[in-house]
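Comments concern the structure below.
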Amino acid sequence: MFYVRYLRNELVRRRTRTVVTLLGLGLGVALVVAISSLSAGLDQAQRKTLNPLAGIGTDLTVTLAPAQDTGGGFGGGNRDLIQANQSVITDLSKLGKPGTHFVHDFFLPGTQLTFQQTEAKQIAAIDGVAQVTQGLTLLAEHQEGIVPKIVASIKTGGQTYRIQRNLPRPSASEFQAMQACLQKLNPQGSTGPSTGSGGFGGRSNGGGGFRGDRGAFQKCLPKSLQRFRTNFTTPQQTLKQVLDPPQTNIKTTAYTIGGVDQTHPAMGVVTAAQVTKGRFLAAAGGKEALVSGAYAAKNTLKVGSKLILNGSSFTVVGIVGPPLGGQSADVYLPLAQLQTLANQQGLANVVLVRASSSASVSQVQKAIEAALPQAQVASSKDVADKISGSLVSASNLSHSLGIALSIVAAAAAFLIAALLALSSVGKRVRELGTLKALGWTQRMVVRQVAGESLATGVLGGVFGLVLGVIVALGIDAFGPTLSASSTSGSGDLLGLGTGVARTATSSVSLSAPIGVTVLAIGFGLALLGGLIAGTAGALRAARLRPADALRQVD
Amino acid sequence: MAQYSVRNAQKLFQRGPATVRALDGVDLEIEEGEFVALEGPSGSGKTTLLQLLGALDRPSGGTIEFEGRDLATLPDRELATLRLRSFGFVFQQFNLIPTLTAVENVEAKLAPTGGGRERALELLGEVGLAERAEHLPAHMSGGEQQRVAIARALSVDPRVVLADEPTGNLDSKTGGEIIELLAGLAVEHGSTVIVATHDASLAARAPRRVQMRDGALAGGLAAPAVH
């Protein structure tokens, strides 16, 4: 076919012009493809990390705000909360036998008051609510150590008492009997005062003393004096000993624990999507636990480890990564298990709500706020607003600048193609005039010129796509890592914050996924550019009168 | 009835504020099969008249009847058809398509008529360029290029061959060969030949010479070209 050969010859034999046109179109298309891919990559990264509630499959979270205390006074409206959190009492006597190791976990409601699970039904009934799940997130105090032994040692005895007493004087008859006895046993030495060392010497009231040996004397004492009996009361005394405090190693650590409705793996305080290792909680809700990556690292837990909570053994079945937005807990249990452990049967403190459509989120939010005046309703946007970091900037940048750049690139490509087509027609006026002189109709000339431009557009599009894909793959391979972080304090979404303020940082390697749509758009742009250029050139060619064209000097 | 019947043909060009009368009331009749030389200095209106006769342009006034049809009033499409099937042009600058080989340049004329490569090669043979068929114009001499142009013009067996200074860019020897070729082939193909030239020796080969001065014919309406 002559016309096709002519077209090919024009492209091949005017190589410089063709190459310049292809470069212009190709670079334009490549830029559009690369920027669109980059933009898509940033969007994807943003969706992944910047929309934390979406990360837990939720549009809204409903929590119970502490009632405002109208009574005034210090502490203000948080009295309920303070009371609820005052219940940590460590009763050592109940921990076990002294010297044994004990572990105990206390569960506190944190900054969020609990409410009856049945209240969730009220929310589920609101128009526009597609699904509702509940969670119980608690602040846990973990105590572990040895029950202390308290020993006091007291030594008694060893004191000396001196007791002095007057003995009763023997009666006259007793005295006579005694003398008679002594006389009888010791007839010689009965005269003269007694100088013996006997105990009674000093007390004799005159009348002579006793002489002779002790044995005889002993025998002759009246009966009442042979056996002396008296009462003696020891002095009362109080023993005091300062006891050293008992040695113990009880450690208290705080962590957060979340009760998950494990029957909704796509929506809840934690979702199956967050599991990085292992698996999600089984729907049956057995004694299983998920732990956050950070908590697992700190406590050397891994999938299969046992987690003992107040005597119950929970098997760690999965490690979860935190979603951005700060509502991560350290440990997750099936809701019912946590309720039992924490003695909070039938209670929850957060309701996760999914709206039936994204458009109805704000309407649902208002409806919940109206139905439950005490409820605090937070939407994704509230949370997303707390997130900052390079990803946010990059994403915002890609949105504004990316679109602008794409338009500029596409426009530049069009302009280049159109200008080259025009200039090419301008240089070929004589040639086109000759064709007309040969008898080519206007339509044939236009068709030929437009065909060339379209062919250039197709080639430029293919070239641009290849180039764009290479750039996108390059970004995938060598792209920078973007991060997003959010700091959650006491006011954070799920109320885990008290004392456990944390910064969740999420890093995403920048990628540029190449969508079929992007490729189609890029190629379409090249074709369109070619067509615009071709039309521009062809219109100019069509206006030529053969005589005028031939008059044109090269 | 004459093949061409030109009555009071006028052509005005606007050059800025001034109006240039390129043709100012030309009357001319040309019979089928004639070999006519349009003579005159540059600017006398030869090329303009040739373009009107070849349906490359429309007159500003008057009529140009070709085989009974007024070229001034025919629609563009019909003029294109006439140029394709009835006229063959040979230009001073050869006007070959630079990206096409010799044979492809001939095909450019034949393609819209459905003619093909074989016919183009046949014509190149007639002008003695069979072996140069695959050469690009840039690789051919002026004489060779003009021969390709003649082959192109004659490829559709046109009713009229219009040549505008065909030897103007050639040395006199080559110019002579070209004019011989053109005259000879025109007879073979049964075509009328109208050659515009300022070369008296070339014009002298034509049986009929028409002198032009300032946009008008110096000679009579159908005066035989005899000096």
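First to last, the sequence lines map onto chains P and E.
Residues 1351 to 1904 (my numbering) make up the first sequence, in order.
Residues 3 to 229 (my numbering) make up the second sequence, in order.
No residue lacks a Cβ here, since even glycine has one placed at the ideal position from N, Cα and C.
Give me the chain E residues within the contact set of residue i, using Cβ-Cβ distance strictly less than 7 Å, ordered along the chain.
i: F1764 (chain P); result: Within chain E, no residue comes near F1764 (chain P); the closest Cβ sits about 25 Å away, beyond 7 Å.
i: T1791 (chain P); result: R79, A82
i: R1365 (chain P); result: The premise fails here: R1365 (chain P) is roughly 10 Å from chain E at the closest Cβ pair, so nothing lies under 7 Å.
So which residues of chain E does residue i contact, with C-beta pairs closer than 9 Å?
i: G1905 (chain P); result: Summary: the structure shown does not reach residue 1905 (chain P), with chain P confined to residues 1351 through 1904, and so no result is reported for it.
i: R1780 (chain P); result: Q95, N97
Strictly below 8 Å CB to CB, what residues from chain E border residue i?
i: L1755 (chain P); result: Those within 8 Å of L1755 (chain P) in chain E number zero; the least Cβ separation is about 37 Å.
Rank the options by C-alpha distance to the C-alpha of residue i and give the top, closest one.
i: R85 (chain E); options: P:T1464, P:P1498, P:L1788; result: P:L1788
i: F1352 (chain P); options: E:L164, E:A74, E:L102, E:L14; result: E:L102
i: G145 (chain E); options: E:T75, E:L40, E:I196, E:G170; result: E:G170
i: R215 (chain E); options: E:L131, E:V163, E:E41; result: E:E41
i: L187 (chain E); options: E:K175, E:R154, E:A202, E:A205; result: E:R154
i: R1793 (chain P); options: P:L1889, P:V1592, P:L1458, P:L1410; result: P:L1889
i: H1451 (chain P); options: P:P1498, P:T1411, P:Q1462; result: P:P1498
i: T1413 (chain P); options: P:S1389, P:L1817, P:L1488; result: P:L1488
i: I99 (chain E); options: P:I1825, P:V1779, P:T1831, P:G1865; result: P:V1779
i: V1727 (chain P); options: P:V1799, P:A1470, P:G1776, P:L1445; result: P:A1470
i: G1783 (chain P); options: E:K111, E:E124, E:S203, E:D72; result: E:K111
i: L1877 (chain P); options: P:S1803, P:A1475, P:A1897; result: P:S1803
i: M3 (chain E); options: E:A20, E:S174, E:E34; result: E:E34
i: T1468 (chain P); options: P:T1483, P:H1454, P:Q1462, P:F1456; result: P:T1483
i: T83 (chain E); options: E:E106, E:V105, E:G56, E:E109; result: E:G56
i: G1661 (chain P); options: P:L1894, P:L1381, P:L1691, P:F1457; result: P:L1691
i: Q1514 (chain P); options: P:V1703, P:Q1533, P:S1710, P:F1582; result: P:F1582
i: G1696 (chain P); options: P:I1753, P:N1649, P:G1485; result: P:G1485
i: A1622 (chain P); options: P:G1880, P:S1729, P:V1667, P:R1364; result: P:V1667
i: R1893 (chain P); options: P:A1805, P:Q1533, P:A1822, P:T1791; result: P:T1791
i: L1589 (chain P); options: P:L1657, P:K1648, P:K1505, P:A1644; result: P:K1505
i: A1705 (chain P); options: P:I1473, P:A1644, P:Q1462, P:L1361; result: P:I1473
i: P1863 (chain P); options: P:G1818, P:L1535, P:R1512; result: P:G1818
Find the residues of chain P that neighbour residue i, judging by a C-beta separation of less than 9 Å, and give them in chain order.
i: F231 (chain E); result: Only positions 3 to 229 of chain E appear in this structure, which leaves residue 231 (chain E) out of reach.
i: E106 (chain E); result: F1352, R1355, Y1356, N1359
i: D59 (chain E); result: R1895, P1896, A1897, D1898
Strictly by DSSP, which residues pair up with residue i?
i: F1664 (chain P); result: P:L1657
i: S1642 (chain P); result: P:V1670
i: M214 (chain E); result: E:L219
i: V1816 (chain P); result: Answer is none; V1816 (chain P) lacks a bridge partner.
i: K1601 (chain P); result: P:E1494
i: A11 (chain E); result: E:V28
i: F1764 (chain P); result: In DSSP, F1764 (chain P) forms no bridge with anything.
i: E1719 (chain P); result: Beta-bridge pairing links E1719 (chain P) to no other residue.
i: E36 (chain E); result: Beta-bridge pairing links E36 (chain E) to no other residue.
i: Y6 (chain E); result: E:I32, E:F68
i: Q1394 (chain P); result: Looking at the DSSP assignment, Q1394 (chain P) forms no beta bridge with any residue, so it has no partner.
i: I196 (chain E); result: E:V38, E:L164
For residue i, return the contacting residues in chain P, with the cut-off set at a CB-CB distance below 7 Å.
i: Q53 (chain E); result: A1897
i: R23 (chain E); result: Going along chain P, no residue has its Cβ under 7 Å from R23 (chain E), so there is no contact; the nearest lies around 16 Å.
i: T101 (chain E); result: N1359, E1360, R1363, R1364
i: L172 (chain E); result: Near L172 (chain E) there are no residues of chain P at all, since even the closest Cβ is about 18 Å away, more than 7 Å.
i: P1 (chain E); result: There is simply no residue 1 (chain E) to check, as chain E begins at 3 and stops at 229 in what is shown.
Using a Cβ cut-off of 8 Å, pull out every chain P residue sitting near residue i, in sequence order please.
i: R134 (chain E); result: Result: empty, since nearest Cβ-Cβ is about 17 Å, beyond 8 Å.
i: R87 (chain E); result: G1789
i: K111 (chain E); result: L1788, G1789
Beta strand (DSSP E) runs contained entirely in the stretch 1433 to 1482 of chain P, provided each spans 3 or more residues:
1451 to 1458
contact_flag[the stretch 43 to 53 of chain E, the stretch 114 to 121 of chain E] where n(CB pairs < 8 Å) is 3 or more:
No, the stretch 43 to 53 of chain E is not in contact with the stretch 114 to 121 of chain E.
Quick check: the stretch 1709 to 1717 of chain P against the stretch 1618 to 1638 of chain P, are there 3 or more CB pairs under 8 Å?
no
Is it true that the stretch 1366 to 1382 of chain P meets the stretch 1795 to 1811 of chain P, where meeting means three or more beta-carbon pairs spaced less than 8 Å apart?
Judged by Cβ distances under 8 Å, the stretch 1366 to 1382 of chain P makes contact with the stretch 1795 to 1811 of chain P, as three or more pairs qualify.
Validate contact between the stretch 160 to 167 of chain E and the stretch 90 to 108 of chain E using beta carbons, cut 8 Å, 3 pairs
yes
Taking 8 Å as the threshold, find out whether the stretch 1605 to 1622 of chain P comes into contact with the stretch 1498 to 1512 of chain P through three or more Cβ pairs.
no
Taking contact to mean at least 3 C-beta pairs separated by less than 8 Å, is the stretch 8 to 16 of chain E in contact with the stretch 48 to 66 of chain E?
yes
So within the stretch 98 to 166 of chain E, which uninterrupted beta strand (DSSP E) runs reach at least 3 residues, ignoring any that extend past its ends?
162 to 166
Within the chosen definition, does the stretch 199 to 210 of chain E reach the stretch 121 to 137 of chain E through at least 3 CB pairs nearer than 8 Å?
no
Inside the stretch 1768 to 1830 of chain P only - alpha helix (DSSP H) runs reaching at least 4 residues
1779 to 1788, 1792 to 1828
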